[in-house]
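Residue numbers (the numbering used here): 5 to 60.
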């Protein structure tokens, strides 16, 4: 694929990109759907407690 030099709008890739870690620190993703939370379970719990998000 060749660059248009910002002259044309890019087509959406239709995908989701999630952070795994930053500078060696693991990331978490908190979702409204409990089965879609990602990350170390203890870290997910800590984030939810910190921001007063229901655990279940």
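Each residue gets a CB set at the ideal place from its N, CA and C atoms; glycine is no exception.
Everything numeric in this text was worked out from a predicted model, so none of it was measured.
Residues near residue i by beta carbon distance below 7 Å, same chain, minus five either side
| i | result |
| --- | --- |
| residue 35 | 41 |
| residue 23 | 31 |
| residue 25 | 31 |
Three-way DSSP call (helix, strand, coil) for residue i in this model
| i | result |
| --- | --- |
| residue 38 | helix |
| residue 12 | coil |
Selected residue, minimal CA-CA separation from residue i, among the options
| i | options | result |
| --- | --- | --- |
| residue 33 | 27, 43, 39, 25 | 43 |
Sequence-distant residues of its chain with Cβ nearer than 8 Å to residue i (five each side left out)
| i | result |
| --- | --- |
| residue 52 | 34, 58, 59 |
| residue 38 | 60 |
Sequence-distant residues of its chain with Cβ nearer than 6 Å to residue i (five each side left out)
| i | result |
| --- | --- |
| residue 48 | 32, 41 |
Identity of the residues DSSP links to residue i by a beta bridge
| i | result |
| --- | --- |
| residue 25 | 30 |
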